[in-house]
Amino acid sequence: MIGTDVSQAAALLRQGQLVAIPTETVYGLAANALDVQAVSRIFEAKKRPSFDPLIVHIGALAQLETYVTQLPPLALRLAEHFWPGPLTLLLDRRPLIPDLVTAGLPQVGIRLPAHPLTQQLLATLDFPLAAPSANPFGYISPTTAQHVAQQLGEQVPYILDGGPCQVGLESTIVGFPEGRPLVYRLGGIALEQLEAVIGEPVERRAHSTSNPQAPGMLKSHYAPRIPFHVGEIDALLEKFPHQNVGVLSLQTTYPSVNAAWQVQLSPTGHLPEAAGRLFAAMRHLDSLPLDVIVAEWMPETGLGRAMNDRLRRAAVPDNLQTGEI
Ligand code: TXA
Ligand code: MG
């Protein structure tokens, strides 16, 4: 059921049930983070492997000390600057955070989301919410309540409808090995924004499929069903001459392609607007009678970097047109 009733959502969560929640990034599939049975329902509903840890959502910065043993000074600075907002911090957890939530890791991912309905919900609960993106494991993250209903409607008793997500990309995840910030996943906070607050360059964790500390880092994640190729669109169009091709571009239109099969993410090339529309556009193209979807790389700056990360991981392996980013 889809609705806007925060008290109904709260009642279900208190009973250990799942509720899909709106955030400014993407919709989350939430359960009481301190209740192992409730959390295990998330893994079942998403068909998510239990080695993939969940982010814990809190309602106020002051709650941090309840769940983590220490707060590096730079973590506090980032939290004060970007919360509520699309930033997740990896911090040493206290034992009341169940192993299942962190997949046994010593750190827990914590964030304070910016959506008013979810803030209201968190304020009425006396526990935090574990919530991954509310999509089946490996598929594109949902940015509307309808996206959640289409794929997980059967498994989720209540979907709290907060409208379309404003940011549209998942949170940026930052850890602090040896006290220095390290980006584990780029998302709604751009690298440049982090660096402006930290005052120096911030490293990104190298992508690794063999030892995924953040399985959001796994390749072939965020992937549509229809084969998805990223590169130079004209070249890709030549590569698939007699097929139904969908096109995903930042702002260019392609006269040789059926107008109904192409999406321009932002007519003015505005990256925040493009980011906000990316996942809905990928879902839309994935619902059309296409043989293949071709997309172009975004400018490697600001939110473009996180968008390129998602495009890369949505792509058919070995078919990337450029290996350099
Ligand atoms: O914006 C978001 O982050 C959304 C909304 C709902 O908050 N959530 C989200 O969750 O994207 P999920 O589970 O789809 O992606 C979270 C990523 C996963 O790849 C997970 O492996 C990583 O964060 N992660 C969570 N806790 C971690 C931890 N303790 N250590 C390392 N990685 C962690
Ligand atoms: Mg996810």
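Using UniProt numbering, read the sequence shown as starting at 1 and increasing by one per residue.
We treat Cβ as the ideally placed atom computed from N, Cα and C, and that holds for glycine.
Bear in mind that the values here come from a model prediction, so they are computed numbers and not experimental data.
Nearest neighbour of GLU154 by Cα position, chosen from VAL68, PRO86 and ALA45, turns out to be ALA45. Counting along the chain, the unbroken beta strand (DSSP E) around SER249 starts and ends at 245–249.
Here GLU24 is actually not in contact with PRO106; their C-beta atoms are around 28 Å apart, not less than 8 Å. Taking a cut-off of 8 Å on C-beta distances, the stretch 255–274 does not touch the stretch 116–135, as fewer than three cross pairs fall below it.
Shown here, LEU311 sits in a helix according to DSSP, grouped into three states. Set against 7 Å, the gap from the CB of PRO142 to the closest heavy atom of ligand 2 is not smaller.
The way I'd put it, the stretch 155–162 does touch the stretch 7–21; three or more beta-carbon pairs between them come closer than 8 Å.
Nearest neighbour of ARG180 by Cα position, chosen from GLY188, MET1 and GLU200, turns out to be GLU200. For ARG185, no alpha helix (DSSP H) encloses it; the enclosing beta strand (DSSP E) starts and ends at 182–185. When rounded, the separation of the alpha-carbon atoms in THR143 and GLY168 is 6 Å. One Cα belongs to GLY28, the other to LYS47, and the distance between them is close to 15 Å. In the three-state reduction of the DSSP assignment, SER40 falls in the helix class. Boundaries of the beta strand (DSSP E) harbouring ALA30: 28–32, taken from the DSSP string.
Taking a C-beta distance under 8 Å as the contact criterion, LEU285 and ILE293 qualify as a contact pair. Per the C-alpha coordinates, the member of GLN120, GLN150 and PRO95 positioned closest to THR69 is PRO95. By the neighbour-count definition (other C-beta atoms within 10 Å, threshold 16), THR301 is an exposed residue. Shortest gap from the CB of PRO86 to any heavy atom of ligand 1: under 7 Å.
Annotation for VAL202: PRO181, VAL183, LEU191, LEU194 and GLU195 place their beta carbon closer than 7 Å to its own, counting only its chain and skipping 5 residues before and after.
For GLU24, no pairing in a beta bridge is given by DSSP. Per DSSP, VAL197 is one residue of the alpha helix (DSSP H) stretching across 191–198. Spanning the alpha carbons of PRO84 and ASN258 requires a straight line of approximately 41 Å.
Per the coordinates, the alpha-carbon of PRO255 lies some 37 Å from the alpha-carbon of LEU152. By the neighbour-count criterion, in which 16 or more other beta carbons inside 10 Å mark a residue as buried, ASP309 falls on the buried side.
If you draw a straight line from the Cα of VAL174 to the Cα of ARG185, it is about 7 Å long. Within the stretch 101–179, the alpha helix (DSSP H) runs of at least 4 residues that lie entirely inside it are, in chain order, 116–124 and 145–152. Only residues of its own chain outside the window of five on either side were considered, and among them LYS46, LYS47 and ARG48 have a CB closer than 6 Å to the CB of PHE137, listed in chain order. Residue environment analysis places PHE51 among the exposed positions, since fewer than 16 neighbouring C-beta atoms fall within 10 angstroms of its C-beta.
Between the alpha carbons of PHE176 and LEU121 lies a distance of about 29 Å. With a threshold of 16 other beta carbon atoms within 10 Å, HIS242 falls short and is exposed. Under the 10 Å beta carbon count, PRO289 is surrounded by fewer than 16 other beta carbons and is classified as exposed. Relative to CYS165, the option among LEU311, VAL26 and ILE110 whose CA is nearest is VAL26.
In the three-state reduction of the DSSP assignment, GLY276 falls in the helix class, which pools H, G and I.
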